[in-house]
Amino acid sequence: MIELGEMRHGEELDPPSDPGRPPGRAMRAAALVVAVLLTLAGSAAGPTRERQVAVPAPQGATFLLVADRLVVADGPGTVGSGGRLVTGHRLPGGEPLWRFTLPAGDHVLGLSTVAGALLVTSSPAGAGDTISTALDVDTGAVRWRQPGYPVPTQSGTVLFETPRADGTGTIRSVDPVSGRPRWSLPLPGNGVAYRVGDRGVAEIVLVTAAGRVEIHDAGSGVLLRAGRVPPAADRVSYRFTQVVGDLLLVDGAPGTVTAYGLDRLDRRWSVPVEPRAAAWFADCAGVVCQRDQVAVGVRAIDPATGRLLWRDDRWLGVSPVGDRLLAAAPAVGLELELAMLDPGTGGVVARLGRWRLSGGDRYQPRLLGLRRLSGDRTLVADLDVRAGEARVRAVLPGSWDDCAVGPGALVCLRTAGGLAVWPADR
Numbered sequence: 295m296i297e298l299g300e301m302r303h304g305e306e307l308d309p310p311s312d313p314g315r316p317p318g319r320a321m322r323a324a325a326l327v328v329a330v331l332l333t334l335a336g337s338a339a340g341p342t343r344e345r346q347v348a349v350p351a352p353q354g355a356t357f358l359l360v361a362d363r364l365v366v367a368d369g370p371g372t373v374g375s376g377g378r379l380v381t382g383h384r385l386p387g388g389e390p391l392w393r394f395t396l397p398a399g400d401h402v403l404g405l406s407t408v409a410g411a412l413l414v415t416s417s418p419a420g421a422g423d424t425i426s427t428a429l430d431v432d433t434g435a436v437r438w439r440q441p442g443y444p445v446p447t448q449s450g451t452v453l454f455e456t457p458r459a460d461g462t463g464t465i466r467s468v469d470p471v472s473g474r475p476r477w478s479l480p481l482p483g484n485g486v487a488y489r490v491g492d493r494g495v496a497e498i499v500l501v502t503a504a505g506r507v508e509i510h511d512a513g514s515g516v517l518l519r520a521g522r523v524p525p526a527a528d529r530v531s532y533r534f535t536q537v538v539g540d541l542l543l544v545d546g547a548p549g550t551v552t553a554y555g556l557d558r559l560d561r562r563w564s565v566p567v568e569p570r571a572a573a574w575f576a577d578c579a580g581v582v583c584q585r586d587q588v589a590v591g592v593r594a595i596d597p598a599t600g601r602l603l604w605r606d607d608r609w610l611g612v613s614p615v616g617d618r619l620l621a622a623a624p625a626v627g628l629e630l631e632l633a634m635l636d637p638g639t640g641g642v643v644a645r646l647g648r649w650r651l652s653g654g655d656r657y658q659p660r661l662l663g664l665r666r667l668s669g670d671r672t673l674v675a676d677l678d679v680r681a682g683e684a685r686v687r688a689v690l691p692g693s694w695d696d697c698a699v700g701p702g703a704l705v706c707l708r709t710a711g712g713l714a715v716w717p718a719d720r
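One rule links them: number in this note's numbering = place in the sequence shown (from 1) + 294.
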């Protein structure tokens with residue numbers, strides 16, 4: 295018997311991995327790829343799965359496991375061709391339970407859960423406001439709808455961002471059970487930055503071009519602190535407004551970024567930034583990482599002094615896992631060569647092997663690793679981030695884009711389209 299465990303593919307709303315989100319969704323997806331700690335399990339030895347149940351799904355479909363339910367949404371390949379369907383299925387048998395059709399022209403941006411409901415986030419192709427629809431996961435019935443992109447909070451509520459093209463807009467708190475709006479805040483032209491906890495956003499940080507800073511509790515909306523930093527150089531907007539750990543980063547003099555402590559907004563340090571580089575900063579297990587969106591390599595900065603601790607141009611990216619960093623270098627195709635680093639020195643603690651990661655985020659310690667094998671097979675391993683262990687789960691015939699695990703089933707998406715469900719062995 296292969297124990298399928300309890301990891302669920304994308305089960306909760308993803309907390310923002312980079313509070314300022316300067317690199318956009320593509321780079322957030324790249325950050326997901328490196329957010330895992332594992333120890334290579336060794337050979338590809340493991341039982342080959344043959345018995346399976348087929349579930350219809352288009353190529354590139356989005357899917358989500360919620361307890362003993364499988365939810366499938368049309369993928370990006372169906373945008374503009376009438377594909378706007380979300381379906382629910384029972385596991386492990388794959389029996390269809392319900393169908394939900396998006397408004398004409400919409401396509402799915404993401405699937406998540408909130409307060410036991412399925413949250414379908416969609417947007418019209420090309421332009422239009424994002425809409426989040428809460429569905430009953432057993433029946434597909436609509437519970438509520440809210441405009442905006444969902445962001446979970448540390449306290450268990452959910453925020454919805456509704457930005458405008460000029461960066462302004464609103465951020466609203468919504469009761470996750472009823473969908474009832476609780477409070478809202480106007481967004482300044484620089485948008486919003488977040489101070490995050492281990493389950494979601496803890497504080498909302500708003501910065502105006504004039505340098506006024508407001509820090510609000512993400513659960514209640516209450517103003518916790520306010521102060522000032524130097525205004526944006528052009529008095530229109532900052533280039534950087536990021537929260538990294540307990541620091542607020544904004545651009546100061548041309549070609550520099552300055553860090554202020556969030557508690558007192560006291561100036562801590564400044565570092566040079568190439569004006570033409572698409573740079574951003576991230577929390578890296580107690581140090582500040584500086585990345586360039588268009589170049590490989592990582593710079594690690596002392597958060598207390600701004601001093602450069604180390605630089606390494608080998609890595610496509612790094613992500614914190616506990617008190618270590620997980621670094622990824624190019625390997626074969628979508629598979630990455632992974633290594634554990636000491637965040638203070640950048641030294642390699644362990645070389646972890648080659649995997650393509652599937653599902654999860656840095657707040658979820660267990661993921662799946664996929665690796666292509668000879669003979670058109672795929673090795674699937676269960677990766678326990680905190681324990682640093684990888685257990686061979688199965689060897690699958692064929693090529694697979696993505697996999698997820700529920701309490702009683704392994705579900706994988708074929709490269710050419712279509713899902714397969716393998717019930718747990720008894």
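From the three backbone atoms N, C-alpha and C, an ideal C-beta is built for every residue, glycine too.
PRO390 sits in a strand when the DSSP states are folded into three classes. The beta-carbon separation of LEU619 and ALA675, rounded to 21 Å, does not stay under the 8 Å limit for a contact. ALA698 carries a strand assignment under DSSP once its states are collapsed to helix, strand and coil. By the neighbour-count definition (other C-beta atoms within 10 Å, threshold 16), ALA520 is an exposed residue. Nearest in C-alpha terms to ILE465, of all of ARG529, ALA351 and LEU500, is LEU500.
When DSSP states are grouped into helix, strand and coil, TRP563 belongs to the strand group. For ALA496, the uninterrupted beta strand (DSSP E) run begins and ends at 495-501, by DSSP. In the structure shown, VAL516 adopts coil according to DSSP, grouped into three states. As a beta-bridge residue in DSSP terms, LEU677 pairs with LEU661 and ALA684. Between VAL642 and LEU632, the beta carbon gap of about 11 Å keeps them out of contact (Cβ cut-off 8 Å). For LEU635, the beta-bridge partners assigned by DSSP are LEU619 and VAL642.
A residue is called buried once 16 or more other Cβ atoms fall within 10 Å of its Cβ, and VAL486 is buried on that count.
Between ALA496 and GLN536, the C-beta spacing is not below 8 Å. If you look at GLU568, you'll find it isn't in any beta strand (DSSP E); DSSP assigns it neither H nor E.
Of the other Cβ atoms in all chains shown, 16 or more fall within 10 Å of the Cβ of ALA553; this residue is therefore buried. Judged by DSSP in its simplified three-state form, PHE534 adopts coil rather than helix or strand. The beta carbons of ARG393 and GLY434 sit closer together than 8 Å.
Taking a contact as a CB-CB distance under 8 Å, the pair THR424 and LEU403 counts as one, their CB atoms being some 7 Å apart. DSSP, reduced to helix, strand and coil, places VAL402 within a strand of the structure shown. Within the same chain, Cβ atoms closer than 6 Å to the Cβ of GLY388 are found at VAL347, VAL349 and VAL715, the five residues on either side in sequence being excluded. Taking ARG558 as reference, the option from ARG522, ARG648 and ASP596 with the minimal CA-CA separation is ARG522. Cβ-Cβ distances below 6 Å link GLU455 to GLY442, TYR443 and ILE465 in the same chain, with the five nearest sequence neighbours on each side left out; the list follows chain order. Residue burial annotation: ASP607 is exposed, with fewer than 16 other C-beta atoms found within 10 angstroms of its C-beta.
Minimum Cα-Cα distance from ALA512 among the listed residues VAL452, ARG458 and LEU543 corresponds to VAL452. Put simply, of THR709, GLY711 and VAL699 the residue whose alpha carbon is nearest the alpha carbon of ALA718 is VAL699. Within the DSSP secondary-structure output, VAL452 pairs in a beta bridge with PRO446 and VAL468. Distance between TRP609 and ALA623, taken at the CA atoms: about 5 Å. For ASP577, the three-state secondary structure derived from DSSP is strand. The residues THR456, PRO457 and LEU481, in chain order, have a CB closer than 6 Å to that of GLY463 in the same chain once the five nearest residues on each side in sequence are set aside. Taking C-beta atoms under 8 Å as the contact rule, PRO386 and ALA703 qualify, at a distance of about 4 Å. In this structure, the CA atom of ARG533 is about 45 Å from the CA atom of ASP362.
Residue range 425-429 is occupied by the beta strand (DSSP E) that includes SER426. In the three-state DSSP reduction, ALA714 falls in the strand class (E or B). DSSP places ASP545 in the strand class (E or B) of the three-state scheme. ALA703 carries a strand assignment under DSSP once its states are collapsed to helix, strand and coil.
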